[in-house]
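There are 2 protein chains.
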Amino acid sequence: MTTLRAEINQLHAQVCSGLADPNRILMLYTLKERPYNVTELSSALDLPQPTVSRHLKILRERGMVISKREGQAVYYFLSDARVIEALDLLRAVLASSLQSQGALAQSAQDNESP
Amino acid sequence: MTTLRAEINQLHAQVCSGLADPNRILMLYTLKERPYNVTELSSALDLPQPTVSRHLKILRERGMVISKREGQAVYYFLSDARVIEALDLLRAVLASSLQSQGALAQSAQDNESP
DNA sequence: CAGAAATATGTACATAAGCGAATATACTCA
DNA sequence: TGAGTATATTCGCTTATGTACATATTTCTG
């Protein structure tokens, strides 16, 4: 299906590419707890303000966070908790993967210098 | 927590970065149905064989697919169905996002040349 | 063992992406 | 309106990533 390819291109361009940076993932997990404005997020994550602003822009353009101005501050909200659900699933995948690798390392060790 | 940051760095490096290319996402969805060898996948997705091989290497290094040699062919298997679950969640996020945008476009149209 | 088939890798190149530093814009309040 | 605070953007640079093409490697078969 050319339709599937198109849908997946959009999935990548609009969502997955938003997860293609560790700082952005960290931001999403941070915003899961409560909304932050840029300065708060900047100091909470110990990242330069322009860096935070740039990443937030990327997440906003992809519809993964929502911004709301309150006076001089702009607060950012996680727009869809399912993003966190997805990330948690991927963390579970990672955990399994690490466990498998560990098991392999173990069996390799068993076979070491026999 | 520096621990959270470390874990998320690993999550990104090992899993999320594997999803940072539309062809790889397409490959994962394809392998969800059944195992494919490189040639089959290459022709099924209409991608050059070296391209497919390279992407598969990336997915394999991240533990997202498993390879098994059968004669001259190397078959690739999806290693963890939760990757697909996560992608489906992200597709749902995308769908909601598009719907919101659509609603916004609609209300913008309502306010058009009043 | 030679040749074919399947897969992996090396190289070169183009492009995308992130970052630091500086600067611009938006908003508030005296 | 002008200073101060918060946020966004631009510029220059560096690094990372994907691809095409050619080639190497592995495995099977005769």
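Taken in sequence, the protein lines are chains A and B.
Per the working numbering: the first sequence = residues -14 to 99.
Per the working numbering: the second sequence = residues -14 to 99.
Beta carbons: idealized from backbone N, C-alpha and C, even for Gly.
Everything numeric in this text was worked out from a predicted model, so none of it was measured.
Which residues bound the beta strand (DSSP E) around valine 50 of chain A? Taking the first residue of the first sequence as position 1, residue 50 of chain A is located at position 65. Taken as a continuous stretch (DSSP letters only), the beta strand (DSSP E) holding valine 50 of chain A covers 50 to 55.
Using a C-beta to C-beta distance shorter than 7 Å, which residues of chain B count as neighbours of proline 33 of chain A? Taking the first residue of the first sequence as position 1, residue 33 of chain A is located at position 48. Within chain B, no residue comes near proline 33 of chain A; the closest Cβ sits about 16 Å away, beyond 7 Å.
Beta carbon of methionine 49 of chain A, beta carbon of serine 85 of chain B: below 9 Å? Taking the first sequence and counting its residues from 1, one reaches residue 49 of chain A at position 64. Taking the second sequence and counting its residues from 1, one reaches residue 85 of chain B at position 100. It is not a contact, given that the beta carbons lie outside the stated cut-off.
For glutamate -8 of chain A, which of helix, strand or coil comes out of DSSP? Here residue -8 of chain A refers to the residue found at position 7 when the first sequence is read from its first residue. Helix, per DSSP.
So with CB distances below 8 Å, who are the chain B contacts of histidine 40 of chain A? Start at 1 with the first residue of the first sequence, and residue 40 of chain A comes out as number 55. Those do not exist, as histidine 40 of chain A stays about 13 Å from chain B at its closest Cβ, beyond 8 Å.
Tell me whether leucine 63 of chain B sits in a helix, a strand or coil according to DSSP, three-state version. For this step, residue 63 of chain B is matched to residue 78 along the second sequence. Of the three classes helix, strand and coil, the one that applies to leucine 63 of chain B here is strand, per DSSP.
How about phenylalanine 62 of chain A and leucine 30 of chain A: do their beta carbons lie closer than 9 Å? Looking up residue 62 of chain A in the first sequence gives position 77. Looking up residue 30 of chain A in the first sequence gives position 45. Going by C-beta atoms, phenylalanine 62 of chain A is not nearer than 9 Å to leucine 30 of chain A.
Cβ neighbours of lysine 53 of chain B in the same chain (closer than 6 Å, five flanking residues each side left out): One-based indexing of the second sequence puts residue 53 of chain B at position 68. Closer than 6 Å at Cβ, skipping near neighbours: Tyr60.
Determine the burial state of arginine 39 of chain B: buried for a count of at least 16 other Cβ atoms within 10 Å of its Cβ, exposed for fewer. For this step, residue 39 of chain B is matched to residue 54 along the second sequence. Its Cβ having fewer than 16 others within 10 Å, arginine 39 of chain B is exposed.
Which residues DSSP lists as bridging alanine 58 of chain B, in chain order: Your numbering for residue 58 of chain B matches position 73 in the second sequence. According to DSSP, alanine 58 of chain B bridges with B:Glu55.
Residue span of the alpha helix (DSSP H) that contains alanine 29 of chain B, given as start and end: Within the second sequence, numbered from 1, the residue matching residue 29 of chain B stands at position 44. Counting along the chain, the alpha helix (DSSP H) containing alanine 29 of chain B begins and ends at 23 to 30.
CB-CB length for serine 27 of chain B against proline 33 of chain B, believed under 8 Å: As a position in the second sequence, residue 27 of chain B is number 42, starting the count at 1. As a position in the second sequence, residue 33 of chain B is number 48, starting the count at 1. Rounded, the Cβ-Cβ distance is 7 Å, consistent with contact.
Shorter than 8 Å, the distance from the beta carbon of threonine 36 of chain A to the closest heavy atom of the ligand ADP, or not? No copy of the ligand ADP appears in this structure; indeed no ligand is present at all.
In terms of residues, what are the limits of the alpha helix (DSSP H) holding arginine 45 of chain A? The count along the first sequence starts at 1 and reaches residue 45 of chain A at position 60. Here the alpha helix (DSSP H) through arginine 45 of chain A covers 34 to 46.
For leucine 41 of chain B, count the other beta carbons within 10 Å of its own beta carbon; 16 or more makes it buried, fewer makes it exposed. Which is it? The residue you call residue 41 of chain B lines up with position 56 of the second sequence. Buried, since its Cβ has 16 or more Cβ neighbours within 10 Å.
Coil, strand or helix - alanine 77 of chain B by DSSP: Reading the second sequence from its first residue, position 92 is the one you call residue 77 of chain B. Three-state result, alanine 77 of chain B: helix.
Which residue wins for smallest C-alpha separation from leucine -10 of chain A, given the options B:Asp73, B:Ile10 and B:Val68? What you label residue -10 of chain A is simply residue 5 of the first sequence in a count that begins at 1. In the sequence under discussion, the amino acid at residue -10 of chain A is arginine, which differs from the leucine named in the question. Measuring from the Cα of arginine -10 of chain A, the nearest candidate turns out to be B:Ile10.
Tell me, to the nearest whole angstrom, how far the beta carbon of glutamine -5 of chain B is from that of leucine 79 of chain A; I am working on the premise that it is less than 8 Å. Taking the second sequence and counting its residues from 1, the one referred to as residue -5 of chain B is at position 10. Taking the first sequence and counting its residues from 1, the one referred to as residue 79 of chain A is at position 94. Their Cβ separation, rounded to whole angstroms, is 7 Å, which keeps glutamine -5 of chain B and leucine 79 of chain A in contact under 8 Å.
On the premise that leucine 72 of chain A lies in contact with leucine 13 of chain A, defined as a C-beta separation below 8 Å, what is that separation, rounded to the nearest angstrom? To locate residue 13 of chain A, count along the first sequence from 1; it is residue 28. To locate residue 72 of chain A, count along the first sequence from 1; it is residue 87. Indeed they touch by this definition, with Cβ atoms about 7 Å apart.
Would you decide whether glutamine 57 of chain A is buried or exposed? Buried here means 16 or more other CB atoms lie within 10 Å of its CB. Walking along the first sequence from the start, residue 57 of chain A turns up at place 72. Under this definition glutamine 57 of chain A is an exposed residue.
Whole angstroms are fine: how far does the CA of serine 2 of chain A sit from the CA of isoleucine -7 of chain B? Working through the second sequence from its first residue, we reach residue -7 of chain B at position 8. Working through the first sequence from its first residue, we reach residue 2 of chain A at position 17. Whole-angstrom Cα-Cα distance: 16 Å.
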